[in-house]
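Enquirer: After the structure tokens below, expect a handful of questions from me.
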Amino acid sequence: MKKLLALLMAMVMVLGLVACGSSQTAAPAQSEAAPADAAADGPLAQLIADAKAEGELVVYGSCEEDYLSAACANFEKLYGIKTTYQRLSTGEVPAKIEEENGKPSADVWFGGTNNPYDSAAAKGLLDNSYVPENASHLTKDIYKDPNGYWYGIYTGILGFMVNTDELTRLGLEAPKSWDDLLKPEYKGLVWLSNYNTAGTPKLVANLMIQLKGHDEGIKYLADLDKNVQVYTKSGSGPSKNVGTGECVIGIGFLHDGITQIIDNGYENVALVVPSDGTACEIGPVAIFKGAAHPNAAHLFMEYALSPDCVELAAQNGSYQFLVIDNAQQPEAAVQFGLDPSLVWDGYDFAKAAADTEQNVADVMAALHGGDDRFKTE
Numbered sequence: 001m002k003k004l005l006a007l008l009m010a011m012v013m014v015l016g017l018v019a020c021g022s023s024q025t026a027a028p029a030q031s032e033a034a035p036a037d038a039a040a041d042g043p044l045a046q047l048i049a050d051a052k053a054e055g056e057l058v059v060y061g062s063c064e065e066d067y068l069s070a071a072c073a074n075f076e077k078l079y080g081i082k083t084t085y086q087r088l089s090t091g092e093v094p095a096k097i098e099e100e101n102g103k104p105s106a107d108v109w110f111g112g113t114n115n116p117y118d119s120a121a122a123k124g125l126l127d128n129s130y131v132p133e134n135a136s137h138l139t140k141d142i143y144k145d146p147n148g149y150w151y152g153i154y155t156g157i158l159g160f161m162v163n164t165d166e167l168t169r170l171g172l173e174a175p176k177s178w179d180d181l182l183k184p185e186y187k188g189l190v191w192l193s194n195y196n197t198a199g200t201p202k203l204v205a206n207l208m209i210q211l212k213g214h215d216e217g218i219k220y221l222a223d224l225d226k227n228v229q230v231y232t233k234s235g236s237g238p239s240k241n242v243g244t245g246e247c248v249i250g251i252g253f254l255h256d257g258i259t260q261i262i263d264n265g266y267e268n269v270a271l272v273v274p275s276d277g278t279a280c281e282i283g284p285v286a287i288f289k290g291a292a293h294p295n296a297a298h299l300f301m302e303y304a305l306s307p308d309c310v311e312l313a314a315q316n317g318s319y320q321f322l323v324i325d326n327a328q329q330p331e332a333a334v335q336f337g338l339d340p341s342l343v344w345d346g347y348d349f350a351k352a353a354a355d356t357e358q359n360v361a362d363v364m365a366a367l368h369g370g371d372d373r374f375k376t377e
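So for the sequence shown, the numbering used here puts the first residue at 1; every next one is plus one.
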């Protein structure tokens, strides 16, 4: 494994100095339940008993489905609580919950990017009445919502994934910065995800506006649109098409590129940290207001902020950095050099939370409502 990682790292370019199916699915059946309740005492033991009395939990997940499935299966194994999940992009979840008008069809939301969680909290769709004890293991205050609506489980660096074979064939160098993406030679080569359905482009919009100022940031995104060939439904969509060459330059989270290199064998994928600054996602967990199984939801919050859950990510093709101090970091993320310290330290998470909805509306207005690339169906 170490030899393979060393070979793969030789293919990786880290440039610059800064920086799921949508049908409801049951978690796989487990043959034996681990004695999680036997080891618990005090308030946790009571919470486990109350959660088991409710008997089930429904999860909407916006991380990759392999990780989502494994996390839900392990929760069911540990606590004997029937757990079902549905994989939806971060843009789809708030719309679905809002339509359900106070009677959400799921209890908790797991993974994805934090910007849509902020929007959901602002609309009154999330519950902040429970403070998980395991939140004490978070390594930074930025890894939780200041009002307690969500808590982070991982973080990932925003950047570019490029197909080195295609760039060589076209006689092009890889972009080194956000400004490079505007070069005319990249026209039709860039992929981004859909502002209407994914959290990733919301982070891109917030970053550009914070880096360049509002008007210049909007202008940048309108100019970038001229080079974008495809807007994918999911934030990880561009990364999944870089190795094949269908996408030559994908904007997204670099741990998704690691998945393509390690798990799918695409040694022609290289990773770029933009030299003019970048930001990170925080992948949260949250409880929906009006959840039908509140105790099971509270227990899932504790579980999601524990090594029992977050260490499953790297075992299932998700190599984000973890944000709790008692979990083992994924070896691949460390060896590929994707340290959260590469993120621009001027990025203002609180301002992004307040501005996301308006920023995205302004981008879409600048794009004149978009075209078929922005359809949500």
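Don't be surprised by glycine CBs; every beta carbon is placed ideally from N, CA and C.
Given a cut-off of 8 Å, decide if Val93 and Val162 are closer than it, judged by their beta-carbon atoms.
Expert: The residue you call residue 162 lines up with position 162 of the sequence shown. The residue you call residue 93 lines up with position 93 of the sequence shown. Result no, Cβ atoms of Val162 and Val93 do not sit closer than 8 Å.
Enquirer: Could you name the residues of the same chain whose beta carbon sits closer than 7 Å to that of Gly55, not counting the 5 residues immediately before and after it, in chain order?
Expert: Working through the sequence shown from its first residue, we reach residue 55 at position 55. Within the same chain, Gly55 has close Cβ partners Ile81 and Lys82.
Enquirer: In the DSSP assignment, the beta strand (DSSP E) including Ser193 goes from what residue to what residue?
Expert: On the sequence shown, residue 193 is found 193 positions in, with the first residue counted as 1. Counting along the chain, the beta strand (DSSP E) containing Ser193 begins and ends at Val190 to Ser193.
Enquirer: On the premise that Thr155 lies in contact with Ile282, defined as a C-beta separation below 8 Å, what is that separation, rounded to the nearest angstrom?
Expert: Residue numbering aside, residue 282 sits at position 282 when the sequence shown is read from its first letter. Residue numbering aside, residue 155 sits at position 155 when the sequence shown is read from its first letter. Indeed, because the Cβ distance is near 5 Å, the residues count as touching under 8 Å.
Enquirer: Cα separation between Lys176 and Leu158?
Expert: Taking the sequence shown and counting its residues from 1, the one referred to as residue 176 is at position 176. Taking the sequence shown and counting its residues from 1, the one referred to as residue 158 is at position 158. Those two C-alpha atoms are separated by around 13 Å.
Enquirer: What is the residue span of the alpha helix (DSSP H) that Ala73 lies within?
Expert: As a first step, residue 73 is located in the sequence shown; it is residue number 73 there, counting from the start. Segment Glu65 to Tyr79, the alpha helix (DSSP H) holding Ala73.
Enquirer: Which same chain residues end up closer than 8 Å to Ala38 when comparing Cβ atoms and leaving out the 5 residues on each side of it in sequence?
Expert: Taking the first residue of the sequence shown as 1, we reach residue 38 at position 38. In this prediction, Ala38 has a pLDDT of 48, which is less than 50 and means its spatial position is unreliable; what the coordinates show is noted afterwards. Closer than 8 Å at Cβ, skipping near neighbours: no residue.
Enquirer: By Cβ distance below 7 Å, which residues in the same chain neighbour Lys226 in space, the five residues on each side in sequence not counted?
Expert: As a position in the sequence shown, residue 226 is number 226, starting the count at 1. For Lys226, where only same-chain residues beyond five positions count, the Cβ hits under 7 Å are Lys187.
Enquirer: Go through its chain and collect everything with a Cβ distance to Asp127's Cβ below 6 Å, but skip five positions before and after it.
Expert: Residue numbering aside, residue 127 sits at position 127 when the sequence shown is read from its first letter. Taken in chain order, the residues that qualify are Ile287 and Lys289.
Enquirer: Going by DSSP, what residues sit across from Ala286 in a beta bridge?
Expert: If you number the sequence shown from 1, residue 286 lands on position 286. Trp109.
Enquirer: So which of Glu65, Trp178, Asn196 and Val323 has the shortest CA-CA distance to Pro116?
Expert: Numbered from its first residue, the sequence shown carries residue 116 at position 116. Per the Cα distances, Asn196.
Enquirer: Determine whether the beta carbon atoms of Gly237 and Thr113 lie at a separation below 8 Å.
Expert: Within the sequence shown, residue 237 is the residue found at index 237, counting from 1. Within the sequence shown, residue 113 is the residue found at index 113, counting from 1. The Cβ atoms of Gly237 and Thr113 lie no closer than 8 Å to each other.
Enquirer: So, at 7 Å on beta carbons, what are the nonlocal neighbours of Asp165 in its own chain, with the 5 sequence-adjacent residues on each side left out?
Expert: Taking the sequence shown and counting its residues from 1, one reaches residue 165 at position 165. Gly245 and Asn268, listed in sequence order.
Enquirer: Which partner residues of Gln86 appear in the DSSP bridge assignment?
Expert: Taking the sequence shown and counting its residues from 1, the one referred to as residue 86 is at position 86. Bridge partners of Gln86: Tyr60.
Enquirer: Tell me which residue opens and which closes the alpha helix (DSSP H) that Gln335 is part of.
Expert: Here the question's residue 335 lines up with position 335 in the sequence shown. Where Gln335 is concerned, the enclosing alpha helix (DSSP H) stretches over Glu331 to Gln335.
Enquirer: DSSP beta-bridge partners for Tyr154?
Expert: What you label residue 154 is simply residue 154 of the sequence shown in a count that begins at 1. Tyr154 pairs with Gly283 and Leu322.
Enquirer: Restricting to Cα atoms, I'd like to know which of Gly91, Val360 and Pro132 is closest to Leu47.
Expert: The residue given as residue 47 occupies position 47 in the sequence shown. Of Gly91, Val360 and Pro132, the residue nearest in Cα terms is Pro132.
Enquirer: Residues in its own chain within less than 7 Å of His293 by CB, not counting five upstream and five downstream?
Expert: Within the sequence shown, the letter at position 293 stands for residue 293. Glu54, Glu56, Leu57 and Asp107, listed in sequence order.
Enquirer: Just curious, the alpha helix (DSSP H) that Ile97 is in, first and last residue?
Expert: For the purposes of this step, residue 97 is identified with residue 97 of the sequence shown, where counting begins at 1. Element bounds for Ile97: Glu92 to Glu99.
Enquirer: Where does Ala205 fall in DSSP's three states?
Expert: For the purposes of this step, residue 205 is identified with residue 205 of the sequence shown, where counting begins at 1. Three-state result, Ala205: helix.
Enquirer: Please work out which residues of its chain come closer than 8 Å, Cβ to Cβ, to Leu340, disregarding the five sequence neighbours upstream and downstream, and give them in chain order.
Expert: Within the sequence shown, the letter at position 340 stands for residue 340. Looking at the sequence itself, residue 340 is Pro, so the reference to Leu does not match. Only Thr155, Ile157, Cys280 and Phe321 meet the Cβ criterion.
Enquirer: Does DSSP put Asp127 in a helix, in a strand, or in coil?
Expert: As a position in the sequence shown, residue 127 is number 127, starting the count at 1. Note: Asp127 maps to strand in three-state DSSP.
Enquirer: Exposed or buried, Glu173, counting other C-beta atoms within 10 Å across all chains shown (16 or more means buried)?
Expert: In the sequence shown, counting from the first residue as 1, residue 173 sits at position 173. Glu173 should be labelled exposed.
Enquirer: Taking 7 Å as the line, does the beta carbon of Asn264 fall inside it for any heavy atom of the ligand FAD?
Expert: Among the ligands in the structure shown, none appear at all, so the ligand FAD cannot be discussed.
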